[in-house]
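Student: Numbering (the numbering used here), first residue to last: 18 to 338.
No residue lacks a Cβ here, since even glycine has one placed at the ideal position from N, Cα and C.
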């Protein structure tokens, strides 16, 4: 593998990376553990794990009450990580999310009080209910994994993933997310309603003690960091990189707003994680084709809401070489 074949990541003091088989088994353990709580959402769990292993963030757009909070909390519990939930409302301030410096009269100094964004898994619930100024409080931390307050940078825990939900039921009471913020989410998915069989199973599970109360970790945050390193070292050959570039170029030529270079990088990283879940240390075009819809659906803007069909069109018309 050459330096050009993988997306470089900064050096760390972690233990040796997991091999691909161990990283894949780690994802399987977490998935099976989360499924003890969440019924019928194996695809959504997989999307979250790919996002986590690829060091990304996830946007969930769905109706209230389908288990978004429980899903995020189950993932955090499974990897023995911290979990915080932020309820976005019109009166929420940026400092309510990131934290604030408070004057300590005993020490005669200002002390930083971390906000709820300081956790391994952060759920931003109904993010589009807050005004743009508060929404933008997540821009730095999602990109840099740090918060700057009064000129001082504070690193958030590692691993770090934001799972944000959008309320699409009451559009008249919400604010549109800025394009710059949407572009920082690696994936956008919907959970949807469970089937009749799945809902029956769900009702049976919560009739007594809720299964989340007895859920135990099956991995550590150190395991996740090592798996993230494994993903970052997955080979991405030039033909695959060229394929991603040509797909991105097709969206730019045929949409009102096409995929940014950040979006192309996100697709490569998600494809690396997909390869690991499939037990490979190299990316193939099938990985790209599997990931492209969830990674680009929120990045492509077209008239008449044709984003999904345009991505499918790109897959049909851009040849794999």
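Return the CA-CA distance between residue 110 and residue 119, expressed in angstroms with no decimal places.
Tutor: As a first step, residue 110 must be located in the chain shown, where it is residue number 93. As a first step, residue 119 must be located in the chain shown, where it is residue number 102. The straight-line gap from Cα to Cα measures roughly 16 Å.
Student: Give me the Cβ distance between residue 181 and residue 69, rounded to the nearest whole Å; I'm assuming they're in contact under 8 Å.
Tutor: Here residue 181 refers to the residue found at position 164 when the chain shown is read from its first residue. Here residue 69 refers to the residue found at position 52 when the chain shown is read from its first residue. That belief does not hold up - the Cβ atoms of residue 181 and residue 69 are roughly 14 Å apart, past 8 Å.
Student: Do the CB positions of residue 247 and residue 97 come within less than 8 Å of each other?
Tutor: By one-based count along the chain shown, residue 247 stands at place 230. By one-based count along the chain shown, residue 97 stands at place 80. Contact: no.
Student: For residue 268, does the count of other Cβ atoms within 10 angstroms reach 16, so buried, or fall short, so exposed?
Tutor: Translated into the one-based positions of the chain shown, residue 268 becomes position 251. Classification of residue 268: buried, given that the 10 Å Cβ count is 16 or more.
Student: Once the 5 residues before and after residue 84 are set aside, which same chain residues still bring their CB inside 8 Å of it?
Tutor: In the chain shown, residue 84 corresponds to position 67, counting from 1. So the list reads 55, 58, 208, once near-sequence residues are dropped.
Student: Please specify which runs of the alpha helix (DSSP H), each continuous and at least 4 residues long, are wholly inside the stretch 57-104, giving them in chain order.
Tutor: Taking only runs of at least 4 residues, the alpha helix (DSSP H) segments lying wholly in the stretch 57-104 are 59-70, 85-95.
Student: Let me make sure I understand the geometry here. Which of 319, 302, 315 has the alpha-carbon closest to that of residue 332?
Tutor: The residue you call residue 332 lines up with position 315 of the chain shown. Closest by alpha carbon: 302.
Student: Would you kindly check if the distance between the Cβ of residue 290 and the Cβ of residue 93 is under 8 Å?
Tutor: As a first step, residue 93 is located in the chain shown; it is residue number 76 there, counting from the start. As a first step, residue 290 is located in the chain shown; it is residue number 273 there, counting from the start. Not closer than 8 Å, so no.
Student: So residue 339 is in the alpha helix (DSSP H); what residue range does that whole segment cover?
Tutor: Missing from the structure shown is residue 339; the chain here goes from 18 to 338 and no further.
Student: On the three-state DSSP scale, how would you describe residue 139?
Tutor: The count along the chain shown starts at 1 and reaches residue 139 at position 122. If DSSP states are grouped into helix, strand and coil, residue 139 belongs with the strands.
Student: Tell me, please, which residues DSSP counts as bridged to residue 180.
Tutor: Here residue 180 corresponds to residue number 163 of the chain shown, with the count starting at 1. Partner(s): 75, 140.
Student: Would the beta-carbon of residue 206 fall within 8 Å of that of residue 311?
Tutor: Position 189 of the chain shown, counting from 1, holds the residue named residue 206. Position 294 of the chain shown, counting from 1, holds the residue named residue 311. Cβ distance < 8 Å, so residue 206 and residue 311 count as in contact.
Student: Quick check on residue 164: does DSSP put it in helix, strand or coil?
Tutor: Residue numbering aside, residue 164 sits at position 147 when the chain shown is read from its first letter. In this structure, residue 164 counts as strand in the three-state DSSP scheme.
Student: In this structure, how does DSSP classify residue 172 when only helix, strand and coil are distinguished?
Tutor: Locating residue 172 in the chain shown gives position 155, counting from the first residue. Strand, per DSSP.
Student: Buried or exposed: residue 167, going by 16 or more other Cβ atoms within 10 Å of its Cβ?
Tutor: Translated into positions along the chain shown, residue 167 becomes position 150. Residue 167 comes out exposed.
Student: Pairs of beta-carbons, one from the stretch 245-264 and one from the stretch 102-117, closer than 8 Å: are there three or more?
Tutor: With the cut-off at 8 Å, the stretch 245-264 and the stretch 102-117 do not touch.
Student: Per DSSP, which residues does residue 121 bridge with? Please list them.
Tutor: Working through the chain shown from its first residue, we reach residue 121 at position 104. Answer is 126, bridged to residue 121.
Student: With C-beta atoms as the reference, is residue 317 less than 8 Å away from residue 37?
Tutor: Against the chain shown, residue 317 aligns to sequence position 300. Against the chain shown, residue 37 aligns to sequence position 20. Not closer than 8 Å, so no.
Student: Beta-carbon separation of residue 89 and residue 138 under 8 Å?
Tutor: Stepping through the chain shown from its first residue, residue 89 is reached at position 72. Stepping through the chain shown from its first residue, residue 138 is reached at position 121. A contact, by the Cβ cut-off of 8 Å.
Student: From 74, 66, 190, pick the residue whose C-alpha is nearest to that of residue 354; which is it?
Tutor: Only positions 18 to 338 of the chain appear in this structure, which leaves residue 354 out of reach.
Student: Report the residue from 236, 261, 330 whose alpha carbon sits nearest the alpha carbon of residue 5.
Tutor: Nothing can be reported for residue 5, as the shown portion of the chain is limited to 18 through 338.
Student: Would you kindly check if the distance between the Cβ of residue 141 and the Cβ of residue 156 is under 8 Å?
Tutor: Within the chain shown, numbered from 1, the residue matching residue 156 stands at position 139. Within the chain shown, numbered from 1, the residue matching residue 141 stands at position 124. Their beta carbons are not under 8 Å apart, which means residue 156 does not touch residue 141 by this criterion.
Student: Quick check on residue 122: buried or exposed, where buried means 16 or more other Cβ atoms within 10 Å of its Cβ?
Tutor: Taking the chain shown and counting its residues from 1, the one referred to as residue 122 is at position 105. Exposed is the call here.
Student: Residue 305 to residue 285, Cα distance in whole Å?
Tutor: What you label residue 305 is simply residue 288 of the chain shown in a count that begins at 1. What you label residue 285 is simply residue 268 of the chain shown in a count that begins at 1. Those two C-alpha atoms are separated by around 7 Å.
Student: Identify whether residue 210 lies in helix, strand or coil by the three-state DSSP scheme.
Tutor: Here residue 210 is taken as the residue at index 193 of the chain shown, counted from 1. Of the three classes helix, strand and coil, the one that applies to residue 210 here is coil, per DSSP.
Student: Tell me which same chain residues have a C-beta within less than 8 Å of the C-beta of residue 51, skipping the five on either side of it?
Tutor: As a first step, residue 51 must be located in the chain shown, where it is residue number 34. Within the same chain, residue 51 has close Cβ partners 62, 88, 91, 92, 95.
Student: With burial defined as no fewer than 16 other Cβ atoms inside 10 Å of the residue's Cβ, what is the status of residue 201: buried or exposed?
Tutor: Working through the chain shown from its first residue, we reach residue 201 at position 184. That one is buried.
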